[in-house]
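**Student:**
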Amino acid sequence: MNQGAMNQGAMNQRARSLLIKGGRVIDPAAGVDAPLDVLMRDGRVAEIMPSNKIRGAADEKFDARGLIVAPGFIDLHVHLREPGQSYKETIASGAAAAAAGGFTSICCMPNTHPVVDSPEWVTWIQQAGRGAIVNVFPIAAATKASKGAVLTDFRGLQRAGAVAVSDDGKPILGNDIMRETLRLASELNLPVIQHAEDTRMTEHCSMNDGPTSFRLGLRGMKTAAEASVVERDVQLAQQFSGARLHVAHLSTADALKAVRRGKRSKARITCEVTPHHFSLTDVDVAEYDSNFKMNPPLRSASDREAILVALADGTVDAIATDHAPHAPHEKIVEFERALFGITGLETALALAITRLHRDHRIPLTRIVELFTAGPGRVVDLKGRGSLARGNYADVTIFDPKKRWTFEAAKSRSKSRNTPFDGWQLTGKVVATIAGGKIVYRA
Amino acid sequence: MHHSHCIEEMNKPARGSLLGIEHLDGGEILGLLKLARRMNPMKPRPLLRGKRVLLLFYEPSTRTRSSFEIAAKSMAAMTTLVLSSGSSIEKGESLLDTAYTLRALGADLIVVRHPLAGAPALMARHLDIPVVNAGDGMHEHPSQALLDAYTILRHKKTLKGLQVAIVGDVYHSRVARSAIHLSAKVGARVTLCGPPELLPEVATTLAPGLHITRTAEDAVRGADVIMVLRVQKERLAGVKISLQNYTERYQVTMSRVKLAKRDAMVMHPGPIIRGLELTSEVADCPQSVIVEEVRNGVSMRMAILSKALGRAR
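Chains X and E supply the protein sequences, listed in that same order. Numbered continuously in my numbering, the first sequence closes out at residue 1311. Numbered continuously in my numbering, the second sequence closes out at residue 330.
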């Protein structure tokens, strides 16, 4: 079956109104979990009502019986590699992979070539010419060239459309510059996203510190390298009312403790967790498989347990993929030389359902929250993250019971660096609708 | 979810490869040791006639390199040495491209020494000829552990039950990791000794039955074998230790050797730094088998190469 051609066809229909019938709508932001029909017109949610109550004809109908209908998923953390590294990914290919994974809004990190540290680049990313089929929200660099020395023009970046600032890939290490970042961002109500890693402690390290790194003769990253930065940041954030600190790809039990302390204070502290950190541990690195190499690294079983608890109890705000495509020549090399990062957009929901719902009994409503209302609280994406009437018609429709096998070779991403190739998973995206248009259909 | 399934899907290492002691069982280890007893570099046997053995060295080496070369030549193999300096590697050729090139040149086996852990495993997963690990980063140095076991067996009836003290920089040592795996698999009892910076507690997770002590006297007391490791200054990368403090507490001296069994052997994979991890006196004492280890290395590597190429007889 030629799926690509089919999708193209669906997209070209440009239905002005679309009725999703018979599904179970889970919209945690609105406190909704009920059988409802959703009518979308001109890119917005027009009606959301109990079955068969919606009158009038729609240009197109979607039969969602047996399926979950959720607000379009939001990914707070992707690397789209443009500008500069289109051999790994383009905004168009990354957005296509996002659509296949059920994401209708993706926030892209600024560690491109050049670094997105100017309003011009923020604008460029959002231009129609990039060919994104889902909404792309740039996160701008917090410091010029992400060098951690001079702050960027937060106001100008925000005006151009940046939804947060971050030096992701690198931490903002200096106390003074981080304090300034939080202070200035708090005045603009702009979230600061921190890649928490004290790089002075992780030099030459390629995986988590523990029995596996010792066995493989690899230098290990200690959990303290993450936790110490989170602790520091939480303290700094408390100094400024209105400061919004978001901890990217949190991976350790100790960092979670700091986040919990922070959440009890007045500061707005949020955090995200990746599917790989709740699905795998450092033992899975096995025999130097660089598809299991990312930063932060896969951690110990006890860190993973702590993350599972925090996903269930509400401490974690969002599941974010940290989708980090790389070319084969950057990954199929000596482990220590391989670049950090794995792709993740197309496996995120299935891993969440398989690992969190099926294996750990976390309710589907909570999982949907982690993909919608949760990330929607971290960044301000007006009119998204919930299916309230008048909101953007961004919808993710998935089958929570469908068993399928992920094949990396069929990925819509330009890259194939995933540890989940060949995995049998439960839960599959059936259709993704962005702005009222079907941008993906299984 | 089928976890193990995806790991199996990663290419398997080429048949015959020797990547580490970790992947061998006790029987395979004893088989190789037995085979080495039949090898004598002074009496060449043309077991590898017509075979091309490529020696690919990304790191300086004296004894391992020449030992493998002599071993291969003693069995009538053709050998070619490729060094990272003065080759295309200097121009930025990747490890796998270099491996494919050597394969295309007709290599039947590649012996590789590399500063990065896992490099031989990467090659072995992408080649159809055996890869022999001649030392990879801090990971393993299987031929060294085997030749040490072979050397011990020339003095002791069996490895089983022997008390082995490994003293020094365990953390940075591929020799230590291989020796620990080997000892555990053949039933020797290992005590590790060194300062926490060079011997983290996690070391005990490498194999069952390992013990750590921070006191050199406790480590060597009653030992059958004292294995001394070099402090690897080139791999310290930020680890700060006082060498004076180190020698005071951990240097293997004659007074410490005297605490071991009377017939204890003192071993060292070399290169030795006299006056640091051991005294000159210890290096040259009658119990020292440091020179014999080098000599035995050739027989052991003859066994490894012939086994890898399926020519063991």
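In this text, a Cβ means the ideal position worked out from N, Cα and C, and glycines have one as well.
With a threshold of 8 Å between beta-carbons, can E:His158 be considered close to chain X, or not?
**Tutor:** Taking the first residue of the second sequence as position 1, residue 158 of chain E is located at position 141. E:His158 does not count as touching chain X.
**Student:** Who are the near neighbours of X:Pro952 in its chain, counting only those whose CB is closer than 6 Å to its CB and skipping five residues on each side?
**Tutor:** Against the first sequence, residue 952 of chain X aligns to sequence position 83. Excluding sequence neighbours, X:Pro952 sits near Thr981.
**Student:** Does DSSP put X:Gln872 in a helix, a strand or coil?
**Tutor:** Sequence index remark: in the first sequence, residue 872 of chain X carries index 3 (1-based). For X:Gln872, the predicted structure reports a pLDDT of 37, less than 50, and the residue's modelled location is therefore unreliable. The matter cannot be settled from this model.
**Student:** Let me make sure I understand the geometry here. Which of X:Asp896, X:Val1005, X:Ala968 and X:Ser1120 has the alpha-carbon closest to that of X:Val1248?
**Tutor:** One-based indexing of the first sequence puts residue 1248 of chain X at position 379. Checking every option, the nearest Cα to that of X:Val1248 belongs to X:Val1005.
**Student:** Taking just the CA atoms, how far does X:Glu1215 sit from X:Glu1280?
**Tutor:** The count along the first sequence starts at 1 and reaches residue 1280 of chain X at position 411. The count along the first sequence starts at 1 and reaches residue 1215 of chain X at position 346. For the record, residue 1280 of chain X in the displayed sequence is Ser; it is not Glu. In this structure, the CA atom of X:Ser1280 is about 7 Å from the CA atom of X:Glu1215.
**Student:** Here's a check: name, in chain order, each residue in its chain whose Cβ is nearer than 6 Å to the Cβ of E:Ser101, leaving out the five neighbours to either side.
**Tutor:** Along the second sequence, one-based indexing puts residue 101 of chain E at 84. Answer for E:Ser101: Tyr75, listed in chain order.
**Student:** I'd like to know if X:Gly1296 contacts chain E, where contact means its C-beta is closer than 8 Å to some C-beta of that chain.
**Tutor:** As a working mapping, residue 1296 of chain X is identified with position 427 in the first sequence. Not one chain E Cβ lies under 8 Å of X:Gly1296.
**Student:** Below 8 Å on C-beta distance, what does X:Val1202 contact in chain E?
**Tutor:** Mapped onto the first sequence, residue 1202 of chain X falls at position 333. Per Cβ cutoff of 8 Å: Ser111, Leu112, Leu113 and Leu139.
**Student:** Quick check on the DSSP output: the alpha helix (DSSP H) that includes E:Ser316 runs from which residue to which?
**Tutor:** Walking along the second sequence from the start, residue 316 of chain E turns up at place 299. For E:Ser316, the uninterrupted alpha helix (DSSP H) segment begins and ends at Ile307 to Ala325.
**Student:** If you count every other CB in all the chains shown that lies within 10 Å of the CB of X:Asn1286, and 16 or more means buried, which is it?
**Tutor:** Position 417 of the first sequence, counted from the first residue, corresponds to residue 1286 of chain X. Classification for X:Asn1286: buried.
**Student:** Is there at least one Cβ from chain E nearer than 8 Å to X:Arg1285's Cβ?
**Tutor:** One-based indexing of the first sequence puts residue 1285 of chain X at position 416. No, because no Cβ of chain E sits closer than 8 Å to the Cβ of X:Arg1285.
**Student:** So what's X:Ser886 in DSSP terms, helix, strand or just coil?
**Tutor:** Against the first sequence, residue 886 of chain X aligns to sequence position 17. X:Ser886: strand per DSSP, three-state reduction.
**Student:** Check the Cβ of X:Arg1084 against every Cβ in chain E and list those closer than 8 Å, keeping chain order.
**Tutor:** Numbered from 1 along the first sequence, position 215 holds the residue referred to as residue 1084 of chain X. Glu39, Arg194, Thr222 and Leu223, listed in chain order.
**Student:** Report the rounded CA-to-CA distance for X:Lys1251 versus E:Val187, giving the unit in angstroms.
**Tutor:** Taking the first sequence and counting its residues from 1, one reaches residue 1251 of chain X at position 382. Taking the second sequence and counting its residues from 1, one reaches residue 187 of chain E at position 170. Distance between the alpha carbons of X:Lys1251 and E:Val187: 57 Å.
**Student:** Are the CB atoms of X:Ile1138 and X:Leu1180 within a distance shorter than 8 Å?
**Tutor:** Counting from 1 along the first sequence, the entry for residue 1180 of chain X is found at position 311. Counting from 1 along the first sequence, the entry for residue 1138 of chain X is found at position 269. It is not a contact, given that the beta carbons lie outside the stated cut-off.
**Student:** Taking DSSP's pairing of strands, which residues face E:Asp301 in a bridge?
**Tutor:** Numbered from 1 along the second sequence, position 284 holds the residue referred to as residue 301 of chain E. In DSSP, E:Asp301 forms no bridge with anything.
**Student:** Pull up the CB-CB distance for E:Ala89 and E:Thr96, whole angstroms please, since I reckon it's below 8 Å.
**Tutor:** Indexing the second sequence from 1 puts residue 89 of chain E at position 72. Indexing the second sequence from 1 puts residue 96 of chain E at position 79. Sure, about 5 Å apart at Cβ, within 8 Å.
**Student:** According to DSSP, is X:Thr1184 helix, strand or coil?
**Tutor:** Your numbering for residue 1184 of chain X matches position 315 in the first sequence. If DSSP states are grouped into helix, strand and coil, X:Thr1184 belongs with coil.
**Student:** Report the residue ranges of all alpha helix (DSSP H) runs contained in full by the region 917 to 959 of chain X; include only those spanning at least 4 residues, in chain order.
**Tutor:** none
**Student:** Our contact map puts E:Met140 next to E:Ala320 with C-beta atoms below 8 Å; I'd like the distance itself, whole angstroms only.
**Tutor:** As a first step, residue 140 of chain E is located in the second sequence; it is residue number 123 there, counting from the start. As a first step, residue 320 of chain E is located in the second sequence; it is residue number 303 there, counting from the start. Contact flag wrong, Cβ pair sits at about 21 Å.
**Student:** Go ahead and pull the three-state DSSP assignment for X:Ile1138.
**Tutor:** Reading the first sequence from its first residue, position 269 is the one you call residue 1138 of chain X. Reduced to three states, the DSSP call for X:Ile1138 is strand.
**Student:** Look at the alpha carbon of E:Pro386 and the alpha carbon of E:Ala236, and state the distance between them as a whole number of angstroms.
**Tutor:** Within the shown structure, residues of chain E are numbered from 18 to 330, placing residue 386 of chain E beyond reach of any answer.
**Student:** State the Cα-Cα distance for the pair X:Gln872 and X:Gly1111, rounded to the nearest angstrom.
**Tutor:** Walking along the first sequence from the start, residue 872 of chain X turns up at place 3. Walking along the first sequence from the start, residue 1111 of chain X turns up at place 242. Because X:Gln872 carries a pLDDT of 37, less than 50, the predicted location of this residue cannot be relied on, and the following value inherits that uncertainty. One C-alpha to the other measures close to 47 Å.
**Student:** Give the interface partners of E:Leu133 over in chain X, defined as CB-CB distance under 8 Å, in chain order.
**Tutor:** Counting from 1 along the second sequence, the entry for residue 133 of chain E is found at position 116. By Cβ distance, chain X contributes Glu1203, Phe1204, Glu1205 and Arg1206.
**Student:** How is the beta strand (DSSP E) around X:Lys1297 delimited, first residue to last?
**Tutor:** On the first sequence, residue 1297 of chain X is found 428 positions in, with the first residue counted as 1. Looking at the DSSP string, the run of the beta strand (DSSP E) that includes X:Lys1297 is Gln1293 to Ala1303.
**Student:** Against chain E, does X:His1198 count as a neighbour if the rule is that its beta carbon must be under 8 Å from one of theirs?
**Tutor:** Translated into the one-based positions of the first sequence, residue 1198 of chain X becomes position 329. Closer than 8 Å: yes.
**Student:** How long is the line joining the alpha carbons of X:Arg1088 and E:Asn150, rounded to whole angstroms?
**Tutor:** Residue mapping note: residue 1088 of chain X aligns to position 219 of the first sequence, counting from 1. Residue mapping note: residue 150 of chain E aligns to position 133 of the second sequence, counting from 1. So the two alpha carbons sit approximately 20 Å from each other.
**Student:** Under a three-way DSSP split, which group does E:Glu157 fall into?
**Tutor:** Position 140 of the second sequence, counting from 1, holds the residue named residue 157 of chain E. In this structure, E:Glu157 counts as strand in the three-state DSSP scheme.
**Student:** Kindly indicate if chain E contains any beta-carbon less than 8 Å away from that of X:Glu1156.
**Tutor:** Numbered from its first residue, the first sequence carries residue 1156 of chain X at position 287. A Cβ of chain E is located within less than 8 Å of the beta carbon of X:Glu1156.
**Student:** Nearest by alpha-carbon distance to X:Leu1119: which of X:Val1185, X:Arg1028, X:Pro979 and X:Ala1217 is it?
**Tutor:** Residue 1119 of chain X sits at position 250 when you count from the first residue of the first sequence. Closest option to X:Leu1119, Cα to Cα, is X:Val1185.
**Student:** Go ahead and pull the three-state DSSP assignment for E:Asn262.
**Tutor:** In the second sequence, counting from the first residue as 1, residue 262 of chain E sits at position 245. If DSSP states are grouped into helix, strand and coil, E:Asn262 belongs with the helices.
**Student:** Could you tell me the alpha carbon to alpha carbon distance between X:Phe1109 and E:Ser105, rounded to whole angstroms?
**Tutor:** Here residue 1109 of chain X refers to the residue found at position 240 when the first sequence is read from its first residue. Here residue 105 of chain E refers to the residue found at position 88 when the second sequence is read from its first residue. Answer to the nearest angstrom: the Cα atoms are 56 Å apart.
**Student:** Taking 8 Å as the limit between beta carbons, can you name the residues of its chain near X:Met880, skipping five residues before and five after?
**Tutor:** Counted from its first residue, the first sequence places residue 880 of chain X at position 11. With a pLDDT of 45 at X:Met880, under the threshold of 50, the predicted position of this residue should be treated as unreliable, though the coordinate-derived value follows. Taken in chain order, the residues that qualify are Ile1002, Lys1306, Ile1307 and Val1308.
**Student:** At which residue ranges does the region 1176 to 1230 of chain X contain complete alpha helix (DSSP H) runs of 4 or more residues, listed in the order of the chain?
**Tutor:** With a minimum length of 4 residues, the continuous alpha helix (DSSP H) runs that stay inside the region 1176 to 1230 of chain X are 1197 to 1200 and 1217 to 1220.
**Student:** Using only the alpha-carbon positions, how far apart do E:Met244 and E:Ser34 sit?
**Tutor:** Here residue 244 of chain E refers to the residue found at position 227 when the second sequence is read from its first residue. Here residue 34 of chain E refers to the residue found at position 17 when the second sequence is read from its first residue. The alpha-carbon atoms of E:Met244 and E:Ser34 are separated by roughly 26 Å.
**Student:** Tell me which same chain residues have a C-beta within less than 6 Å of the C-beta of E:Lys29, skipping the five on either side of it?
**Tutor:** In the second sequence, residue 29 of chain E corresponds to position 12, counting from 1. Closer than 6 Å at the Cβ level, and outside the excluded window around E:Lys29, lies no residue.
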